[in-house]
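Just add 39 to the spot in the sequence shown (first one is 1) and you have this note's numbering. Glycine included, C-beta positions come from ideal geometry on N, C-alpha and C. Remember, predicted model here, so these are calculated numbers, not experimental data. One structure below.
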Amino acid sequence: MNKTIQDKIDQFKKMAKTQGSKSVSPPARSGQIDSLSQVIRSKKDADDFMAELNAVIKRS
């Protein structure tokens, strides 16, 4: 794997360990439409999206 990418991954892992988990509140409905939420409406849609995303990550 590319050394710079691996360094970034390690950096993010360290940040995650030191900061711990924080809960994120859902965005308030302000009239803004999220394109991803429009597309992903079911578990199957989410699984398809994640499969495509993982394929892109593996190719890069």
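Straight-line gap, K53 to K82 (C-alpha atoms, nearest Å): Taking the first residue of the sequence shown as position 1, residue 53 is located at position 14. Taking the first residue of the sequence shown as position 1, residue 82 is located at position 43. Cα-Cα distance, rounded: 31 Å.
Nearest-angstrom Cα separation, counted from I48 out to A42: For this step, residue 42 is matched to residue 3 along the sequence shown. For this step, residue 48 is matched to residue 9 along the sequence shown. Contrary to the premise, residue 42 reads as Lys rather than Ala in this sequence. About 10 Å.
Check whether F88 and I96 have beta carbons under 8 Å apart: Numbered from its first residue, the sequence shown carries residue 88 at position 49. Numbered from its first residue, the sequence shown carries residue 96 at position 57. Cβ atoms of F88 and I96: not closer than 8 Å.
Span separating the alpha-carbon of D73 from that of T57: The residue given as residue 73 occupies position 34 in the sequence shown. The residue given as residue 57 occupies position 18 in the sequence shown. Each residue's Cα considered, the two are about 30 Å apart.
Endpoints, the alpha helix (DSSP H) within which R98 is located: Within the sequence shown, the letter at position 59 stands for residue 98. Start and end: 82-98.
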